[in-house]
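Quick note: to get the working numbering, add 5 to the position in the sequence shown (first position is 1). The beta-carbon is built from N, C-alpha and C at its ideal position, and this holds for glycine as well. Here the structure comes first, spelled out in structure tokens, and everything after it is commentary.
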Amino acid sequence: LAISFFIAGNAFATENITLDMYRQLLPKNTAGQVDYDLHLSDKLSLPYHCNIKKDNEGRFEIDLGSCEHYSLDWKKERAGLVNLSLSGDPSGEKITEHKLWAMAFAQAYVSTMIQMQYGLGKENGTFDLHRPFGSGESFGNYFSRNMGPNYFVSKGLQESSLGRDLPAPADEGDDGVLQIEYPGSAWSELQGSGGGGFPRIFGTMQPKKILDSFSGPARNIIGSAVTSGFYNGSVIGINTGSLPWDKDKTGTQVRIHEFIQGSQDKDALSMVMSYMYNRGPYSVKELLLKSEQSFNHCMAQQDHLESDPACFVQLNDFGTRYIRQIPYVTQLLNEAGKKPEHHYDTDLNRRDISNYIDLLARYGFYSKKEIEKAKPAAMTRFDEMQKNGSISYAHDFGKVLETLMVQLPVTQFSEKSAIDESLISTLTNADEKRLFLSVADNVGTIISHDWLEPGHKIALMPGSKVQQAVYENAAGHDCATAIQDQIEGMGGNGPAHLTLKMMDGQCQVNQVSEEEAQKPVAVAGDNFTVLARNVSAGYELNGLASQNAETFKWTIVKGQKHFWLQEAEGSEWVSEINQPKARALIPANTTGEVTYRLTVTNKNGQTDTSDITVTVKDEHAKPDEAAWDSRTTYDKPCQKVTYNGSSWMNGWWTQGEAPGSDGEHGVWRKAGSDNMHGACKK
């Protein structure tokens, strides 16, 4: 599958984490010191592919009498040397196979941890690292027990019996040891087809090269495991309010991180991840995160969380098995690994480490430039620890990973690649309405099925085909044919830059110059209203929706004497910020209006500006509208309510739908916003 689609406009949000930030993620030993040890279990028999049955109380449980059994012995089963060639990328280097599996599972553990905590666009990280989990454990101890290397062994057993049950080689390839399904499904999510994922990395990747068990060394376990780590971050991102259209950050459906951290069931994380892996990332919104009632009820369950029908669907199917078996086998492995005879370790030499790091770039998870920057530091760490030319996997490889990962960038959820208009065709929505686009790649696989906002653009790689292009509330006027005719009429003579809008009910497709296509577009966001407080408060300003932006600058153009900007919570109050995101700082007991201006500059020095106004109302003033009530039927449009400190107006009949819960184009829209229903602007 050759990806043919990117959404333009997001500047690079990638950033590095510090050594201290990384160490906050790691488990601590009994002395309170960082524990770098990697706990991968070995030499034991494991149940897998078990059926489930009902116990005396009618709850589903694993039927241990029905299981198959796997004799795990890493060095015995995977003792040979494997060549490190990848699909289309030959190599003469080799490595002992079991070492590659062990390093892959360690990388999956570390990558998952980093992406979940620091890659989902949360200002202070996703989880509260200063607060214990419901089990009483710190983040590091909880996470390593739920999703350490042994979790990926358990998952590999359930998915592919650790590679034994994968199909014979085929042209289309297979989904790999950890079963990242493609085309479509999980792979498309990673490529950003639903607005999330990590398209900066996966947008141009070839899934067969990365995942197919016959396209890389050791069943391509490195590609499968590292991809799995990113996918774990993606499914959490979908449920933490990190999608572009998630405006209401308080609803239960975007607080899975709070659920996991507060859950009284010690295995909640591995349960939830296993469930979403099988049923999809939106499955937890059906019951677990459906409402405050179900959220709090399920979070309070200390035992048998997986068997509560208010929390998870109870069917004798794969999803029900996943949620029980993967955590169960993970904990079997964890317990066994406490005994020396069941604890995996091996010596890793300098060449092993060097080849492993190079593989991360050869697969495409990091650029060659990024690896060239990070690798010397990791190799120096190896040299400092080595004895007789090698280090211990169990005790030392975690320290090498630490040095490597703090040098490598953390790609942000939904971060997209910049478009090079000199090489790639583009289509810009030049209308005032949203445009629904369905785009297929050159082999017919749908790689976009989403809305394109006004002023935004997509990139069309060679061979892409627009299959549907319909403006909001314009049923029957499909512009796909007009777009394709324009593209095909140019005969493929270099990239084309097109604009689309509706004029008198007709699709108008025009070609613009490369210079015009590269003009910057600043997007500061919608105006909003907040209530004054007796303490200072900060509110996010986010310019990442801007297009063709190389630099960003936030300034104050109205209200300079009373309001301020901040880079981050707790930082200095200033009047200018030179980065994509900033905080609108509202001092204590201050009311009025403040207008912030975002100025963006493209690579040619051209600029564009966009303003956003924050209205601060007196908290004690008598409200001129009623608070939103889930029990009230709002049967007439443009009824004004207050919710979470803001005023909202509905566009049509609604009941029980919280303002902001269905995105910026839902039934409720913030008063004064640019996207307000037309009937309510009068």
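Sort the options by Cα distance to residue i and report the nearest one.
| i | options | result |
| --- | --- | --- |
| residue 310 | 271, 355, 46 | 271 |
| residue 184 | 169, 197, 343 | 169 |
| residue 402 | 43, 38, 563, 23 | 43 |
| residue 382 | 399, 358, 369 | 358 |
| residue 313 | 165, 64, 51, 278 | 64 |
| residue 124 | 440, 420, 319 | 420 |
| residue 415 | 228, 119, 435, 53 | 119 |
| residue 231 | 106, 162, 22, 246 | 106 |
| residue 606 | 525, 377, 135 | 525 |
| residue 347 | 83, 262, 50 | 50 |
| residue 191 | 179, 228, 236, 220 | 236 |
| residue 490 | 475, 508, 470 | 470 |
| residue 166 | 23, 29, 522, 334 | 334 |
| residue 327 | 675, 85, 472, 53 | 53 |
| residue 21 | 147, 407, 84, 204 | 407 |
| residue 130 | 247, 155, 84 | 247 |
| residue 549 | 508, 215, 308, 417 | 417 |
Taking only the alpha-carbon atoms, compute the straight-line gap between residue i and residue j and give it to the nearest angstrom.
| i | j | result |
| --- | --- | --- |
| residue 274 | residue 477 | 39 Å |
| residue 67 | residue 337 | 14 Å |
| residue 580 | residue 556 | 17 Å |
| residue 297 | residue 117 | 28 Å |
| residue 356 | residue 600 | 57 Å |
| residue 343 | residue 384 | 29 Å |
| residue 637 | residue 685 | 20 Å |
| residue 151 | residue 157 | 10 Å |
| residue 138 | residue 294 | 18 Å |
| residue 661 | residue 208 | 38 Å |
| residue 57 | residue 371 | 41 Å |
| residue 300 | residue 290 | 10 Å |
| residue 361 | residue 330 | 31 Å |
| residue 92 | residue 616 | 49 Å |
| residue 397 | residue 566 | 60 Å |
| residue 504 | residue 618 | 29 Å |
Pop quiz: residue i and residue j are said to be a contact at Cβ under 8 Å. What is the actual Cβ separation, rounded to whole angstroms?
| i | j | result |
| --- | --- | --- |
| residue 501 | residue 495 | 5 Å |
| residue 89 | residue 353 | The Cβ separation is near 15 Å, so there is no contact. |
| residue 411 | residue 535 | The Cβ separation is near 36 Å, so there is no contact. |
| residue 266 | residue 132 | 6 Å |
| residue 430 | residue 465 | 4 Å |
| residue 588 | residue 562 | Going by Cβ atoms, the distance from residue 588 to residue 562 rounds to 17 Å, so no, they are not a contact pair. |
| residue 551 | residue 527 | 5 Å |
| residue 634 | residue 658 | Contact flag wrong, Cβ pair sits at about 15 Å. |
| residue 113 | residue 234 | 5 Å |
What residues match up with residue i in a beta bridge as DSSP calls it?
| i | result |
| --- | --- |
| residue 73 | 53 |
| residue 65 | 59 |
| residue 20 | 415 |
| residue 654 | 645, 674 |
| residue 313 | The partner list for residue 313 (beta bridge, DSSP) is empty, contrary to what the question assumes. |
| residue 546 | 587 |
| residue 613 | 605 |
| residue 165 | In the DSSP output, where bridge partners are listed per residue, residue 165 has none listed. |
| residue 533 | 619 |
| residue 433 | 462, 504 |
| residue 39 | 33 |
| residue 569 | 590 |
| residue 192 | DSSP output for residue 192 lists no bridge partner at all. |
| residue 765 | For residue 765 there is no data in the structure shown, the boundaries of the chain being 6 and 687. |
| residue 456 | 441 |
| residue 94 | 91 |
| residue 582 | 559 |
Can you name the start and end residues of the alpha helix (DSSP H) that residue i belongs to?
| i | result |
| --- | --- |
| residue 145 | 144-152 |
| residue 507 | Looking at the DSSP string, residue 507 is not in any alpha helix (DSSP H); the run it does join, the beta strand (DSSP E), is 502-508. |
| residue 240 | 222-243 |
| residue 113 | 102-123 |
| residue 277 | 273-284 |
| residue 387 | 373-390 |
| residue 637 | Premise fails: residue 637 is in no alpha helix (DSSP H) and is neither H nor E. |
| residue 79 | 79-82 |
| residue 489 | 485-494 |
Kindly indicate the opening and closing residues of the beta strand (DSSP E) around residue i.
| i | result |
| --- | --- |
| residue 323 | No beta strand (DSSP E) contains residue 323, which is instead part of the alpha helix (DSSP H) from 323-341. |
| residue 602 | 597-606 |
| residue 351 | Residue 351 -> no beta strand (DSSP E), and no H or E assigned at all. |
| residue 512 | 511-517 |
| residue 561 | 556-563 |
| residue 396 | 395-397 |
Determine, for residue i, whether the minimum Cβ-Cβ distance to residues of chain C falls below 8 Å.
| i | result |
| --- | --- |
| residue 527 | Although the question refers to chain C, the structure presented lacks it and comprises just one protein chain. |
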